[in-house]
Structure formats: C-alpha cells, structure tokens
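Residue numbering for the sequence shown follows our numbering, starting at 315 and increasing by one per position. Yeah, the Cβ is synthetic: ideal placement off N, Cα and C, and Gly gets one too. Take a look at the structure below.
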Amino acid sequence: MQALPEFTWSDALTLAARDHCSDMGKTGKLGHMGADGSSYFDRIARYGEAGWYRGENLSYSQTTGESVVM
C-alpha cells in the first residue's frame, strides 16, 4: 500500500470551514448540512476544487485541536 502525501495547508478549505462555522453560530444548527442546504462538498467547491479525498469533521465539546484528534 502506498502512503498518502503529507497534509498541507489549504486556504480554500479554511474558507469553507469558516463559512460553515459562521453559519452554525448564526443559526444554532449543528451538523454537516448548511442552513442554505449546502453540503461540505458544496462549501469546498465554492473556493476551489473539491478533490477525490475530502470530508468534514465537526467537534463541539473539545477545547483544543489536539483533543479533537485524540
């Protein structure tokens, strides 16, 4: 099995995540579906190419990035 390449920062993914966080904050709705009916794929595609490997992880009770991953 071939290893995947190392993760790299993506401004497009950052903007897509920012939009969804802002939407959830305004509406109080939690989940992967945006108030406008958008999916994570739609949000990624707004700012760039939503490539083959994509996904969205949400965490509501952790206080650090490390605790989310653990």
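Taking 7 Å as the cut-off, decide whether the C-beta atoms of A326 and R357 are in contact.
-> no
Which residues bound the alpha helix (DSSP H) around D350?
-> Unbroken run through D350: none, as it is neither H nor E.
Tell me whether S336 sits in a helix, a strand or coil according to DSSP, three-state version.
-> helix
Range of the contiguous alpha helix (DSSP H) that encloses G379 | G379 to V383
Indicate whether G348 and D337 have their beta-carbon atoms separated by less than 7 Å.
-> yes
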